[in-house]
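Under the numbering used here, the sequence shown has 157 at position 154, and the numbering climbs by one with no breaks.
Every residue gets a Cβ at the ideal spot worked out from N, C-alpha and C, and that includes glycine.
Quick caveat: nothing in here was measured; it's all calculated off a predicted structure.
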Amino acid sequence: MSFDREPVVAGQFYAGRQDQWLATVQSCMRGEKENEKTTKLAMVPHAGHVFSGGVAGQTLARAKLTDTVLLLGPNHTGMGAPMAVWPDGKWLLPGAAMDVDAELAAAILAAEPALTADRVAHLQEHSLEVILPFLWAKNPEMRIVPIAVGDPRPHKLGGAAAKIAEVLARLGREVSVVVSSDMNHFASDEKTRVIDRHALDRILALDPMGFYGKVREENISMCGVLPMTLGMHLANIQGAKKAELVAYATSADVNGDVSRVVGYAGIIIE
């Protein structure tokens with residue numbers, strides 16, 4: 004029996020009414036032209052829309068996404084399976100919903116034992132929910148395969164990417180990946196911008212293991228390093244040629260506090 008996911012951070016990270024959140028995300032996306040090439044991977048932040056909505060909106064407005072997207076996010080709560088796929092049903096928003104692509108989810112689960120059908124990891128996790136309003140505004144008919152990635156072993160991330168790529172090739176499916184991640188947390192604005200750039204340089208070089216290593220080496224508190232590593236492996240297997248930093252900001256750009264910030268980056272890989 005399928006099971007729908009209820010929103011848990013509506014009214015906190017984004018507005019609790021559809022007319023309000025839709026107006027906000029449309030404002031964040033306004034004025035951007037969609038790219039001509041299909042996006043293999045987009046990375047966007049997941050703070051409250053008042054803080055990171057500009058970066059997320061600008062990036063997702065430019066991204067040319069497929070009708071189904073793989074949503075990869077971190078597991079902040081630590082609950083559930085290490086790599087948890089929400090297998091079916093809908094993800095609800097105030098006044099809207101997005102369907103899970105149950106067929107694709109089942110095919111991925113059948114191909115890769117490290118991926119587990121697990122809802123617990125997602126029930127209280129905000130990172131994917133916060134970006135759904137942007138995806139719904141872009142295409143209300145878009146389907147999703149939400150995956151919470153918490154396994155820290157690099158070979159497991161690369162292996163899962165390879166299996167997902169095999170499934171997509173077998174099904175003849177082209178599917179964009181959307182990764183949800185903030186950058187460094189709670190250093191000064193000056194330090195955050197420097198160390199974030201070190202991680203972003205490895206992303207722009209399409210170097211997933213160099214990126215993973217740089218984040219670990221410099222203790223960059225990037226919550227989505229694991230889903231981004233998996234997503235970059237998948238993009239590379241599928242022939243990624245170019246990565247672009249669409250936008251970058253920190254929380255200081257909103258609240259003026261440069262002593263303790265969070266970094267936000269928007270990336271598109273084609």
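query: For aspartate 210, which of Ala117, Gly161, Ser184 and Glu177 has the nearest alpha-carbon?
result: Residue numbering aside, residue 210 sits at position 207 when the sequence shown is read from its first letter. When each option's Cα is compared against that of aspartate 210, the closest is Gly161.
- prompt: According to DSSP, which residues form a beta bridge with aspartate 102?
  reply: Residue numbering aside, residue 102 sits at position 99 when the sequence shown is read from its first letter. Under DSSP, aspartate 102 takes part in a beta bridge, and its partners are Lys93.
message: The alpha helix (DSSP H) that contains tyrosine 215, what's its start and end?
response: Indexing the sequence shown from 1 puts residue 215 at position 212. Tyrosine 215: member of the alpha helix (DSSP H) spanning 211 to 220, first to last residue.
field: Sufficient close CB pairs (3 or more, under 8 Å) joining the stretch 99 to 112 to the stretch 211 to 222
entry: No, the stretch 99 to 112 is not in contact with the stretch 211 to 222.
- prompt: Mapping DSSP to helix, strand and coil, what is isoleucine 240?
  reply: As a first step, residue 240 must be located in the sequence shown, where it is residue number 237. In this structure, isoleucine 240 counts as helix in the three-state DSSP scheme.
- request: Can you check DSSP and say which residues form a bridge with arginine 291?
  value: This structure leaves residue 291 out entirely; the chain is present only between 4 and 273.
- prompt: According to DSSP, is arginine 156 helix, strand or coil?
  reply: Position 153 of the sequence shown, counted from the start, is the residue given in the question as residue 156. Look at arginine 156 here: in three-state DSSP terms it is coil, with no helix or strand label.
Inter-residue spacing [alpha-carbon to alpha-carbon] between alanine 163 and isoleucine 223: As a first step, residue 163 is located in the sequence shown; it is residue number 160 there, counting from the start. As a first step, residue 223 is located in the sequence shown; it is residue number 220 there, counting from the start. Going from the Cα of alanine 163 to the Cα of isoleucine 223 covers about 24 Å.
message: Counting C-beta neighbours from all protein chains within 10 Å, is the total for aspartate 22 16 or more, i.e. buried, or is it exposed?
response: In the sequence shown, the residue the question calls residue 22 occupies position 19. If you draw a 10 Å sphere on the C-beta of aspartate 22, you find fewer than 16 other C-beta atoms in it, and that means exposed.
field: Residue environment, glycine 81, which counts as buried when at least 16 other CB atoms sit within 10 Å
entry: Counting from one through the sequence shown, the residue named residue 81 turns up at place 78. Looking at its Cβ environment, which holds fewer than 16 other Cβ atoms inside 10 Å, glycine 81 is exposed.
- prompt: When the distance is taken between beta carbons, is glycine 83 closer than 7 Å to serine 5?
  reply: Start at 1 with the first residue of the sequence shown, and residue 5 comes out as number 2. Start at 1 with the first residue of the sequence shown, and residue 83 comes out as number 80. Taking a C-beta distance under 7 Å as the contact criterion, serine 5 and glycine 83 do not qualify as a contact pair.
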